[in-house]
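Visitor: Chains as they are written, first to last, in this note's numbering: chain A, 159 to 500; chain B, 271 to 672.
Okay, handing you the structure first.
This is the structure:
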């Protein structure tokens, strides 16, 4: 397995810009406000995301995007994951990726520019449940039989019902589009399996990066708390029973970040093991994020169990992101088939 | 940038070809798994000969300055060589303590004459080094050590009892910690010596490891006189130099003269080969879905460890916590190796209970030995528990334990 990492000044600039903007825009109090609201988001955020060029980050330049690659995507997702950004940036990015990778020339011309500009919101729907961002989407890039199609969300026959969800920073809906009549030009060229095969490594990477950001934020949140919270006349972080599990989280997060950027570099270089690396990253992300979140709740003690503590917001995000594009077990089953020759 | 990559590529090819052409093969008798269990003269001479050949070919101390016997090659050269040594399943480098921590310490803290005197011979394996840090009463709490160095004329007179002394029986020199100021507070009274072992008053007694092998020792210093220029750094600077030594020993600081390769996916590939050769419940072990899942977990972990090494070389990706990767590298890799060897023994089933010499023992008990020996890695150079304290305090800002 080739472990090389490419990360230069441009990537560092995107990170610095993203971190600064997200820290300012999404302090935890505002994230909580938006989580309580009906829509779960603020339209002005979407406009700003478009303005920053992040809605078209991986859209080719000739279709109005920034034309950037997997390492940039990993940076942006990691930084948004830190802040639990209440916005369908991720499902929209995945929809744009499907169109960019697999759309016809005409479909790319028609859809990508308005998506990058924030004028049309398209999200990815690989299944019928837990479709992120569907309620307020204009279009859904979705599986239809053994094809993929782009379907207008308000087309006659479309049923999109918001779900009641654990993680209110990421809204989802139950989607039924079977009754929608589609014109021929709604169908993407090629079969659904090949389209998904192209998308999956990128989706695993984006998810793993977002989860790495969340896990890293939890590590900072929890270690800041345990360094100051006192019991028995001492900060609890001085006790090894508290310190050592925190270090176990650290070791997990460090390894996860390394896998994320190794996978991103491999995707950008078109390496043959890119998909294996991206799936390894996703597998590890599932375990590390849930572990980091569970330790965060536990080490915050009685306070950790309350709605006031931030830890549960991440715990819920970790639990609900885990199954997307395959949880750790299903990633490992795929990887075993690739790595272990019987 | 591109020129540098090419330069390493040349070296990589050269090292690979040289190793293929000069690999000494299987001697036909049991080789130790690491420098920690070199216990007989035949093993010692065979390994010494290998390091010499490698040095004479320019593959040991590749980055160290030429004036001290090194190769003067650019940064990153030794890593490439070490990777090729691991890939080519070359024997390990015998003079472990010298190459990977005593030598780098002498380079950083030694006087010009100490560098001139010691570095060349240790690279060529002409002089063997051991380490006199731990004592029966000073393990994790190293600063409570009680060995003493007293001035007598121009000499130092050493009294003390050291343990865990790898290569002690063969060593010519010892990096030795001893107290030079009984009045000073704990850490402040310690000094660091480059002490000769072949002087009167130094007695080396073998310790037997739980594998039944020898290879590490106790060393008793009784009124042993060593010359005044044995001191490295200043009197009382010993603790600082000892901490730097441990950074090298844990692979947390760069500067090794060679032999620190591996971790290149070798372990898990070996485990997969083992699973391929075994049966479980009448079927190949590699078809058992639980075995497959466990193997894949190890594969992911090993890939993450290698990815850590790659990310550690990218400043922009370690900016948030620059010390995290170097300080956790020994901890993470030793615990991974231990878990992996344990799983290999589990896969072996009842055969895991067989030992060297039994006619039916698989692979000459290689995995059983690996598992037992793996505890050397989770204990030596700072236990996993001590390293978790260090990471918690230095990287995560937690208050000190104690």
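Backbone N, C-alpha and C define an ideal beta-carbon position, used for all residues, glycine too.
#1: Relative to the alpha-carbon of residue 224/A, which residue among 347/A, 364/A and 215/A has its alpha-carbon at the smallest distance?
#2: At 7 Å on the CB atoms, spell out the chain A contacts of residue 542/B, in chain order.
#3: In the structure shown, what three-state DSSP assignment does residue 316/B receive?
#4: Can you name the residues that DSSP bridges to residue 454/B?
#5: For residue 373/A and residue 411/A, which I take to be in contact (beta-carbon distance under 8 Å), what is that distance rounded to the nearest angstrom?
#6: Using the beta-carbon count (16 or more within 10 Å), is residue 449/B buried or exposed?
#7: As a quick exercise: from 349/A, 241/A and 185/A, pick the residue whose alpha carbon is nearest that of residue 256/A.
#8: Whose CA, out of 364/B, 485/B, 354/B and 470/B, lies closest to the CA of residue 492/B?
#9: Taking 8 Å as the cut-off, does the stretch 425-433 of chain A touch the stretch 617-626 of chain B (at least 3 CB pairs, one atom from each stretch)?
#10: Quick one: Cα of residue 356/A to Cα of residue 258/A, how far?
#11: Can you tell me the Cβ-Cβ gap for residue 375/B and residue 281/B, rounded? I've got them flagged as a contact below 8 Å.
#12: If you draw a straight line from the C-alpha of residue 552/B to the C-alpha of residue 616/B, how long is it?
#13: For the 8 Å Cβ check, are there 3 or more pairs between the stretch 173-193 of chain A and the stretch 238-247 of chain A?
#14: Enumerate, from N- to C-terminal direction, the unbroken alpha helix (DSSP H) stretches of 4 or more residues contained entirely within the stretch 592-659 of chain B.
#15: Take every Cβ of the stretch 402-421 of chain A, pair it with every Cβ of the stretch 658-668 of chain B, and state whether three or more of those distances are shorter than 8 Å.
#16: Output the boundary residues of the alpha helix (DSSP H) element that contains residue 304/A.
#17: For a minimum of 3 consecutive residues, which ranges assigned as the beta strand (DSSP E) are wholly contained in the stretch 539-595 of chain B?
#18: Check residue 221/A in the structure and name its three-state DSSP category.
#19: Rank 297/A, 326/A, 250/A and 278/A by C-alpha distance to the C-alpha of residue 199/A and give the top, closest one.
#20: Should residue 405/A be flagged as near chain C, meaning a C-beta pair shorter than 7 Å?
#21: Leaving out five residues on either side along the sequence, give the residues of the same chain with a beta carbon under 8 Å from the beta carbon of residue 533/B.
#22: Check the Cβ-Cβ distances between residue 443/B and every residue of chain A, and say whether any is below 7 Å.
#23: When we look at the beta-carbon of residue 283/B and count the other beta-carbons within 10 Å, is it buried (16 or more) or exposed?
#24: On a CA-only basis, which of 260/A, 195/A and 229/A is nearest residue 172/A? Give me that one, please.
#25: Give the C-beta separation of residue 511/B and residue 503/B to the nearest angstrom, bearing in mind that I take them to be a contact with Cβ-Cβ under 8 Å.
#26: Hey, out of 627/B, 359/B and 337/B, whose CA is closest to residue 291/B's CA?
#27: DSSP state of residue 431/B, grouped into three classes?
#28: If you measure from the beta carbon of residue 758/B to each beta carbon in chain A, is any gap under 7 Å?
#29: At the level of alpha carbons, what is the spacing between residue 478/A and residue 226/A?
#30: Classify residue 566/B: buried if its beta carbon has 16 or more other beta carbons within 10 angstroms, exposed otherwise.
#31: Please classify residue 396/A as buried or exposed, where buried requires at least 16 neighbouring CB atoms within 10 angstroms.
#32: Answer with yes or no whether the minimum CB distance from residue 660/B to chain A is below 7 Å.
#33: Whose C-beta lies closer than 7 Å to the C-beta of residue 218/A among residues of the same chain, with five residues either side of it excluded?
#34: Say whether chain A places a C-beta atom closer than 7 Å to the C-beta of residue 584/B.
#35: With DSSP as the reference, identify every bridge partner of residue 418/B, one or two as the case may be.
Guide: So, to answer that:
#1: Here residue 224/A refers to the residue found at position 66 when the first chain is read from its first residue. Taking only the C-alpha atoms, the option nearest residue 224/A is 215/A.
#2: Translated into positions along the second chain, residue 542/B becomes position 272. The CB of residue 542/B comes closer than 7 Å to the CB of 498 in chain A, given here in chain order.
#3: Translated into the one-based positions of the second chain, residue 316/B becomes position 46. Assignment of residue 316/B by DSSP, reduced to helix, strand and coil, places it in the helix class.
#4: Mapped onto the second chain, residue 454/B falls at position 184. Answer is none; residue 454/B lacks a bridge partner.
#5: To locate residue 373/A, count along the first chain from 1; it is residue 215. To locate residue 411/A, count along the first chain from 1; it is residue 253. Sure, about 5 Å apart at Cβ, within 8 Å.
#6: As a working mapping, residue 449/B is identified with position 179 in the second chain. By the 16-neighbour rule on beta-carbons within 10 angstroms, residue 449/B is buried.
#7: In the first chain, counting from the first residue as 1, residue 256/A sits at position 98. For residue 256/A, the nearest C-alpha among the options comes from 349/A.
#8: If you number the second chain from 1, residue 492/B lands on position 222. Among 364/B, 485/B, 354/B and 470/B, the Cα nearest to that of residue 492/B is on 470/B.
#9: Not touching, per the Cβ criterion.
#10: By 1-based counting over the first chain, the position of residue 356/A is 198. By 1-based counting over the first chain, the position of residue 258/A is 100. Rounded to whole angstroms, the gap between the alpha carbons of residue 356/A and residue 258/A is 11 Å.
#11: For this step, residue 375/B is matched to residue 105 along the second chain. For this step, residue 281/B is matched to residue 11 along the second chain. The Cβ separation is near 26 Å, so there is no contact.
#12: By 1-based counting over the second chain, the position of residue 552/B is 282. By 1-based counting over the second chain, the position of residue 616/B is 346. In this structure, the straight-line span from the alpha carbon of residue 552/B to that of residue 616/B is close to 16 Å.
#13: The stretch 173-193 of chain A vs the stretch 238-247 of chain A: in contact.
#14: List check, alpha helix (DSSP H) in window: 594-618 and 636-649.
#15: Contact check between the stretch 402-421 of chain A and the stretch 658-668 of chain B: three or more CB pairs, one atom from each, fall below 8 Å, which counts as touching.
#16: Numbered from 1 along the first chain, position 146 holds the residue referred to as residue 304/A. Element bounds for residue 304/A: n/a, residue is neither H nor E.
#17: Secondary structure in the stretch 539-595 of chain B: no beta strand (DSSP E) run of 3 residues or longer lies completely within the stretch.
#18: Here residue 221/A refers to the residue found at position 63 of the first chain. Helix.
#19: Here residue 199/A refers to the residue found at position 41 when the first chain is read from its first residue. Check the Cα spacing between residue 199/A and each of 297/A, 326/A, 250/A and 278/A: the tightest is with 326/A.
#20: The chain labelled as chain C is not found among the protein chains of the depicted structure, namely A and B.
#21: Here the question's residue 533/B lines up with position 263 in the second chain. Reliability fails at residue 533/B, whose pLDDT of 49 lies under 50, so the model's placement of it is uncertain and no value is given.
#22: Working through the second chain from its first residue, we reach residue 443/B at position 173. Using a Cβ-Cβ cut-off of 7 Å, residue 443/B does not count as an interface residue toward chain A, since no Cβ of chain A sits closer than that to its own.
#23: Counted from its first residue, the second chain places residue 283/B at position 13. In summary, residue 283/B is exposed, with fewer than 16 beta-carbon neighbours lying within 10 Å of its beta-carbon over all protein chains present.
#24: Taking the first chain and counting its residues from 1, the one referred to as residue 172/A is at position 14. Minimum Cα distance to residue 172/A is reached at 229/A.
#25: Taking the second chain and counting its residues from 1, the one referred to as residue 511/B is at position 241. Taking the second chain and counting its residues from 1, the one referred to as residue 503/B is at position 233. The pair is a contact, with the Cβ atoms about 5 Å apart (cut-off 8 Å).
#26: Residue mapping note: residue 291/B aligns to position 21 of the second chain, counting from 1. Relative to the Cα of residue 291/B, the nearest Cα in the group 627/B, 359/B and 337/B belongs to 359/B.
#27: By 1-based counting over the second chain, the position of residue 431/B is 161. Strand, per DSSP.
#28: Residue 758/B lies beyond the range of chain B shown here (271 to 672); nothing can be said about it.
#29: Counting from one through the first chain, the residue named residue 478/A turns up at place 320. Counting from one through the first chain, the residue named residue 226/A turns up at place 68. Cα to Cα, residue 478/A sits roughly 28 Å from residue 226/A.
#30: Translated into the one-based positions of the second chain, residue 566/B becomes position 296. Buried, by the Cβ-count rule.
#31: Translated into positions along the first chain, residue 396/A becomes position 238. The residue is buried, with at least 16 neighbouring Cβ atoms inside 10 Å.
#32: For the purposes of this step, residue 660/B is identified with residue 390 of the second chain, where counting begins at 1. No, because no Cβ of chain A sits closer than 7 Å to the Cβ of residue 660/B.
#33: Locating residue 218/A in the first chain gives position 60, counting from the first residue. Contacts found: 225 and 258.
#34: Within the second chain, the letter at position 314 stands for residue 584/B. Yes - at least one Cβ of chain A is within 7 Å of the one on residue 584/B.
#35: Within the second chain, residue 418/B is the residue found at index 148, counting from 1. DSSP lists 429/B and 449/B as partners of residue 418/B.
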